[in-house]
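In what follows, a single structure is set out as structure tokens and then discussed.
Number of protein chains: 2
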Amino acid sequence: MQTVSFIGDVREVVENARAAGRRIGFVPTMGALHAGHAALIRQAHEEGCFVIVSVFVNPAQFNDAGDLAAYPRTLTADEAVCREAGADLVFAPEVSEIYPAGFATQVTVDSPLTKAWEGHFRPGHFAGVTTVVAKLLLIAQCDRAFFGEKDWQQLAVVRQMVRDLAMGVAIVGSPTVRESDGLAMSSRNVRLSPEARKTAKIIPYLLDTAQDLLDSATPETQTDKGGVIAAWLRTLLESNAPDARLDYLAVVDPDTLVEVDEITNYAQVIIAVHIGGVRLIDNRKIVKRF
Amino acid sequence: MQTVSFIGDVREVVENARAAGRRIGFVPTMGALHAGHAALIRQAHEEGCFVIVSVFVNPAQFNDAGDLAAYPRTLTADEAVCREAGADLVFAPEVSEIYPAGFATQVTVDSPLTKAWEGHFRPGHFAGVTTVVAKLLLIAQCDRAFFGEKDWQQLAVVRQMVRDLAMGVAIVGSPTVRESDGLAMSSRNVRLSPEARKTAKIIPYLLDTAQDLLDSATPETQTDKGGVIAAWLRTLLESNAPDARLDYLAVVDPDTLVEVDEITNYAQVIIAVHIGGVRLIDNRKIVKRF
Chain C
46 MQTVSFIGDV REVVENARAA GRRIGFVPTM GALHAGHAAL IRQAHEEGCF VIVSVFVNPA
106 QFNDAGDLAA YPRTLTADEA VCREAGADLV FAPEVSEIYP AGFATQVTVD SPLTKAWEGH
166 FRPGHFAGVT TVVAKLLLIA QCDRAFFGEK DWQQLAVVRQ MVRDLAMGVA IVGSPTVRES
226 DGLAMSSRNV RLSPEARKTA KIIPYLLDTA QDLLDSATPE TQTDKGGVIA AWLRTLLESN
286 APDARLDYLA VVDPDTLVEV DEITNYAQVI IAVHIGGVRL IDNRKIVKRF
Chain R
46 MQTVSFIGDV REVVENARAA GRRIGFVPTM GALHAGHAAL IRQAHEEGCF VIVSVFVNPA
106 QFNDAGDLAA YPRTLTADEA VCREAGADLV FAPEVSEIYP AGFATQVTVD SPLTKAWEGH
166 FRPGHFAGVT TVVAKLLLIA QCDRAFFGEK DWQQLAVVRQ MVRDLAMGVA IVGSPTVRES
226 DGLAMSSRNV RLSPEARKTA KIIPYLLDTA QDLLDSATPE TQTDKGGVIA AWLRTLLESN
286 APDARLDYLA VVDPDTLVEV DEITNYAQVI IAVHIGGVRL IDNRKIVKRF
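The listed protein sequences correspond, in order, to chains C and R.
Our numbering numbers the first residue of the first sequence as 46 and each following residue consecutively.
Our numbering numbers the first residue of the second sequence as 46 and each following residue consecutively.
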């Protein structure tokens with residue numbers, strides 16, 4: 046495994062891998078790699094791909110300068126995770142390599158999908174994501190790109206971009222990897238105080254409760270309705286974590302992210318909440334059982 | 046040579062051409078092919094490329110519905126031009142293949158380059174161009190793409206997009222092919238009345254005069270200044286073609302398209318003018334000789 050910083054070096058490695066008949070698998074990351082990233086890399090490796098991991102903290106997708114400054118940067122540790130998980134190439138560019146002087150191109154998905162939820166609370170976030178992901182996919186020239194399902198809306202947005210532009214890349218979503226108490230792995234978790242870390246387990250608890258509510262729905266409780274489930278969960282959050290600041294908690298269609306009322310088959314519960322000053326997001330599918 | 050309408054068919058043909066060790070050359074067009082297009086196809090062929098020509102009248106780049114409706118569509122004749130010039134594949138998709146239901150992605154270059162001149166007079170034009178060109182380049186998976194220099198600003202915008210996104214495609218600009226009287230070949234020329242067609246030769250005359258003015262500059266005439274040259278040419282146009290409606294006529298930097306005053310080395314003269322109800326554009330390089 047080697048690490049390179051320049052686009053031209055990636056192209057050369059990719060060309061050689063292709064000439065050797067390899068399929069290219071790509072895992073875009075912002076570094077601070079954890080077990081969730083490692084699972085993506087391992088999956089790409091086990092599928093037989095030549096695996097490229099990008100490590101790039103993308104300024105364009107941060108709407109909050111403090112969040113950008115606080116975002117952990119741990120390249121040496123990241124390289125160890127990559128090597129261990131079976132990566133073949135790490136691409137760790139400087140900001141000036143991705144955004145050289147005069148850079149002016151934007152790739153945007155202009156639909157309700159990017160305006161809701163994360164799009165609403167983090168203005169400009171998705172334009173930053175789609176622009177950098179498009180560029181990274183073009184640099185990696187990959188056949189398959191792997192994304193964690195923790196960023197559910199991001200995954201939907203990337204899928205739409207790739208489909209709309211006929212990029213010819215298969216977008217693979219992989220299940221969220223969780224801590225033993227259920228908290229979704231995130232590079233931001235290290236910023237939680239011990240107390241906030243304890244509080245944070247309310248998030249997976251709420252998501253699991255959504256399934257319980259759906260399972261126990263009766264004509265009286267109406268907990269097979271998205272709005273009713275969301276209201277229950279908000280009340281639960283307020284009583285169990287009064288200091289948490291909720292951005293959103295909703296029951297939505299998994300593809301369009303439009304809120305659903307009557308759940309006839311399945312739905313996605315999505316949440317973004319600030320706990321101890323750290324913004325955390327998570328989601329899970331809930332399924333109506335007959 | 047074959048013609049296909051579906052993205053998947055292009056991918057299959059490209060894969061086979063690549064497997065056979067061919068480089069892919071791509072000529073994007075809106076059809077109504079003329080000698081200018083044929084020259085691009087021939088150039089790609091003579092460079093040894095497997096040549097893909099797209100024929101797609103892109104609704105997204107027309108700011109004027111009447112212009113879109115009036116744009117000539119001549120696929121059978123276009124196929125003959127392609128075959129004759131050495132194309133290997135024609136890609137002639139329906140609008141719904143490029144813009145399926147729910148399409149929402151835009152590729153935009155947000156810089157002074159896209160705001161001036163054509164960007165000013167045709168709002169939304171360049172966003173339409175960059176989005177479709179990005180998608181077509183991704184479908185063709187080409188090594189080289191060929192564009193006529195008649196659309197000088199478009200060429201500069203496409204170059205910026207390809208550079209910004211690291212698309213890994215070489216953008217080749219080729220000299221404008223002209224009628225015997227100097228009028229630039231354009232698919233819109235067929236819409237000129239015989240009288241307007243005669244008037245239209247004022248355009249290359251103005252461009253050539255720009256070089257004459259520069260050649261004959263003295264400290265008194267100051268015709269080595271962009272603004273002075275442009276003023277002279279505007280007067281010439283008014284006296285020779287009083288019915289022509291000028292959108293712009295300017296002396297600019299060839300790369301940034303910013304107006305230049307003192308011409309120290311070379312510059313580009315650009316013009317857009319309506320003659321007999323048809324909007325024509327052209328440009329030429331002028332060089333200061335010592």
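The C-beta atom is built at its ideal place from N, Cα and C for all residues, glycine as well.
Since the model is a prediction, treat every value here as computed from it, not as a measurement.
Residue 243(C) - containing alpha helix (DSSP H), residue span: Taking the first sequence and counting its residues from 1, one reaches residue 243(C) at position 198. Note, residue 243(C): alpha helix (DSSP H), 239 to 245.
7 Å Cβ cutoff, residue 243(R) in contact with chain C: Locating residue 243(R) in the second sequence gives position 198, counting from the first residue. With 7 Å as the cut-off, residue 243(R) does not count as an interface residue toward chain C.
Output needed for residue 248(C): all residues of its chain with C-beta closer than 7 Å, excluding positions within five of it in sequence on either side, in chain order. Counting from one through the first sequence, the residue named residue 248(C) turns up at place 203. If we look at residue 248(C) and ignore the five residues flanking it on each side, its Cβ neighbours are 228, 316, 318, 325, 327.
Which chain R residues are close to residue 62(C), counting only those with a beta carbon under 8 Å from its beta carbon? Stepping through the first sequence from its first residue, residue 62(C) is reached at position 17. By Cβ distance, chain R contributes nothing, its closest Cβ being about 15 Å from residue 62(C), past 8 Å.
Give a yes or no on whether the minimum CB-CB distance between residue 199(R) and chain C is below 7 Å. Sequence index remark: in the second sequence, residue 199(R) carries index 154 (1-based). No, its Cβ sits nowhere closer than 7 Å to a Cβ of chain C.
Got a sec? Which residues, its chain only, sit under 8 Å from residue 312(C) by beta carbon, not counting five neighbours each side? Taking the first sequence and counting its residues from 1, the one referred to as residue 312(C) is at position 267. So the qualifying residues of the chain are 271, 296, 297, 298, 299, 305, 330, 331.
Continuous beta strand (DSSP E) assignments of at least 3 residues falling wholly in the region 123 to 188 of chain C: 134 to 136, 150 to 154
What did DSSP end up calling residue 82(R) once you bin it into helix, strand or coil? Numbered from its first residue, the second sequence carries residue 82(R) at position 37. Three-state result, residue 82(R): helix.
Could one say the Cβ of residue 210(R) lies closer than 7 Å to chain C's Cβ atoms, at least one of them? Counting from one through the second sequence, the residue named residue 210(R) turns up at place 165. Closer than 7 Å to some Cβ of chain C, the Cβ of residue 210(R) qualifies, so yes.
Of the residues that make up the region 65 to 96 of chain R, which ones have a beta carbon closer than 9 Å to any beta carbon in chain C? none
What's the C-alpha gap between residue 191(R) and residue 264(R)? If you number the second sequence from 1, residue 191(R) lands on position 146. If you number the second sequence from 1, residue 264(R) lands on position 219. Each residue's alpha carbon lies about 41 Å from the other.
Going by the DSSP bridge assignment, what does residue 38(C) pair with across the sheet? One cannot answer for residue 38(C) here, as it falls past the ends of chain C, which runs 46 to 335.
Using the Cα positions of residue 287(R) and residue 235(R), report the straight-line distance between them to the nearest angstrom. Mapped onto the second sequence, residue 287(R) falls at position 242. Mapped onto the second sequence, residue 235(R) falls at position 190. Cα to Cα, the separation comes out at about 22 Å.
According to DSSP, simplified to helix, strand and coil, what is residue 66(C)? As a working mapping, residue 66(C) is identified with position 21 in the first sequence. Coil.
Report the option in 220(C), 222(C), 132(C), 205(C) whose CA atom is closest to the CA atom of residue 214(C). Taking the first sequence and counting its residues from 1, the one referred to as residue 214(C) is at position 169. Here the closest residue by C-alpha is 205(C).
Report back the beta-carbon spacing between residue 201(C) and residue 158(C) to the nearest angstrom; my notes put them in contact at under 8 Å. Counting from one through the first sequence, the residue named residue 201(C) turns up at place 156. Counting from one through the first sequence, the residue named residue 158(C) turns up at place 113. About 6 Å; that satisfies the 8 Å criterion.
Does the Cβ-Cβ distance between residue 95(C) and residue 133(C) come in under 7 Å? The sequence position of residue 95(C) within the first sequence is 50, counting from 1. The sequence position of residue 133(C) within the first sequence is 88, counting from 1. Contact: yes.
Residue 155(C) vs residue 149(R) beta-carbon contact at 7 Å: For the purposes of this step, residue 155(C) is taken as residue 110 along the first sequence, with counting starting at 1. For the purposes of this step, residue 149(R) is taken as residue 104 along the second sequence, with counting starting at 1. Contact flag set, yes.
Can the beta-carbon of residue 55(R) be found closer than 7 Å to that of residue 171(R)? Against the second sequence, residue 55(R) aligns to sequence position 10. Against the second sequence, residue 171(R) aligns to sequence position 126. Going by C-beta atoms, residue 55(R) is not nearer than 7 Å to residue 171(R).
By how many angstroms is the C-alpha of residue 323(C) removed from the C-alpha of residue 114(C)? Within the first sequence, the letter at position 69 stands for residue 114(C). Within the first sequence, the letter at position 278 stands for residue 323(C). Approximately 13 Å, taken between the alpha carbons.
Excluding the 5 residues flanking residue 262(R) on each side, which residues of the same chain have their C-beta closer than 6 Å to its C-beta? Locating residue 262(R) in the second sequence gives position 217, where the first residue counts as 1. Excluding sequence neighbours, residue 262(R) sits near 268, 269.
Give the interface partners of residue 52(R) over in chain C, defined as CB-CB distance under 8 Å, in chain order. Position 7 of the second sequence, counted from the first residue, corresponds to residue 52(R). Residues of chain C passing the Cβ test: 211.
Where residue 232(C) falls, given that 16 or more other Cβ within 10 Å makes a residue buried: The residue given as residue 232(C) occupies position 187 in the first sequence. By the 10 Å Cβ count, residue 232(C) comes out buried.
Proximity test, Cβ basis, 7 Å: residue 149(R) and chain C: Locating residue 149(R) in the second sequence gives position 104, where the first residue counts as 1. Residue 149(R) counts as touching chain C.
In terms of residues, what are the limits of the beta strand (DSSP E) holding residue 221(R)? In the second sequence, the residue the question calls residue 221(R) occupies position 176. Taken as a continuous stretch (DSSP letters only), residue 221(R) belongs to no beta strand (DSSP E), as it is neither H nor E.
In this structure, does DSSP put residue 193(C) in helix, strand or coil? Counted from its first residue, the first sequence places residue 193(C) at position 148. Reduced to three states, the DSSP call for residue 193(C) is strand.
Does any CB atom of chain R fall closer than 7 Å to the CB of residue 156(C)? Your numbering for residue 156(C) matches position 111 in the first sequence. At least one chain R Cβ lies under 7 Å of residue 156(C).
Taking residue 294(C) as part of the beta strand (DSSP E), name the residues at either end of that continuous run. Counted from its first residue, the first sequence places residue 294(C) at position 249. 290 to 297 is the extent of the beta strand (DSSP E) around residue 294(C).
Is it the case that the Cβ atoms of residue 78(C) and residue 126(C) are separated by a distance below 7 Å? Residue 78(C) sits at position 33 when you count from the first residue of the first sequence. Residue 126(C) sits at position 81 when you count from the first residue of the first sequence. Cβ atoms of residue 78(C) and residue 126(C): closer than 7 Å.
Whole angstroms is fine: what's the gap from residue 163(R)'s alpha carbon to residue 195(R)'s? Your numbering for residue 163(R) matches position 118 in the second sequence. Your numbering for residue 195(R) matches position 150 in the second sequence. Near 13 Å, if we compare the C-alpha coordinates of residue 195(R) and residue 163(R).
Using beta carbons (cut-off 7 Å, strictly below), is residue 183(C) in contact with chain R? Residue numbering aside, residue 183(C) sits at position 138 when the first sequence is read from its first letter. Interface residue, yes.
Reducing DSSP to helix, strand and coil, say where residue 306(C) ends up. Walking along the first sequence from the start, residue 306(C) turns up at place 261. Residue 306(C): coil per DSSP, three-state reduction.
Within 7 Å, strictly: CB atoms of residue 70(R) and residue 189(R): Your numbering for residue 70(R) matches position 25 in the second sequence. Your numbering for residue 189(R) matches position 144 in the second sequence. Yes, Cβ-Cβ distance for residue 70(R) and residue 189(R) is below 7 Å.
Among 208(R), 99(R), 66(R), 302(R), which residue has its Cα nearest to the Cα of residue 76(R)? What you label residue 76(R) is simply residue 31 of the second sequence in a count that begins at 1. Of the candidates 208(R), 99(R), 66(R), 302(R), the one whose C-alpha sits nearest the C-alpha of residue 76(R) is 99(R).
Inter-residue Cα distance where the pair is residue 123(C) and residue 230(C): Translated into the one-based positions of the first sequence, residue 123(C) becomes position 78. Translated into the one-based positions of the first sequence, residue 230(C) becomes position 185. Those two C-alpha atoms are separated by around 15 Å.
To the nearest angstrom, how far is the alpha carbon of residue 143(C) from that of residue 177(C)? The residue given as residue 143(C) occupies position 98 in the first sequence. The residue given as residue 177(C) occupies position 132 in the first sequence. Going from the Cα of residue 143(C) to the Cα of residue 177(C) covers about 8 Å.
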